[in-house]
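Counting in the numbering used here, the sequence shown runs from 480 upward without gaps. A virtual CB, placed ideally from N, CA and C, is assigned to each residue, including glycine. Fair warning: this is a prediction, and the values are worked out from it, not measured in the lab.
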Amino acid sequence: MNDVAETQKNKGGNAKIIYILYLASLVLGITGLIGLVMAYINKGEAPDWLKSHYQWQIRTFWMGLLYTVIGVITTSIMIGFLILLLNLVWFIVRCVKGLSALDKQQPLPKPTSWLF
């Protein structure tokens with residue numbers, strides 16, 4: 480890998496792309512899956528502070544999917560719509576929080592958290 484690509488990777492360029500793909504998935508759908516694959520690929524060789532972002536992104540995808548499935552299943556009893564709305568807010572907040580920490584080149588303090 481050349482020096483420019485290595486520097487970009489250490490600054491979190493791939494992690495930023497993944498956050499953007501996640502946010503785009505709210506409209507396009509499939510981009511979230513692409514971001515998940517990228518997070519799994521990049522997490523092994525990243526610096527420690529970036530590993531927390533990749534772990535956060537992977538957990539965001541899987542927990543968001545879980546909350547979405549629960550929301551869809553429970554729409555028949557009307558609570559599902561509230562679950563889906565809260566999931567949307569939760570997903571956006573996690574992406575924004577991750578992007579904010581990434582811009583400061585800081586690790587996320589609790590990458591295994593279920594909330595924010």
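Rounded to the nearest angstrom, what separates residue i and residue j at their Cα positions?
i: T553; j: A503; result: 25 Å
i: G514; j: P588; result: 21 Å
i: K583; j: W528; result: 11 Å
i: A494; j: M557; result: 36 Å
i: S592; j: V548; result: 20 Å
Please state if the CB of residue j and the CB of residue i are separated by a distance shorter than 9 Å.
i: G550; j: F560; result: yes
i: G543; j: G523; result: no
i: Y498; j: L578; result: yes
i: H532; j: L500; result: no
i: A525; j: Q536; result: no
Whose CA, out of the options, lies closest to the CA of residue i?
i: P586; options: A518, K530, V506; result: K530
i: V506; options: V575, P526, L567; result: L567
i: Q534; options: I509, L565, I520; result: I520
i: C574; options: I509, P590, L545; result: P590
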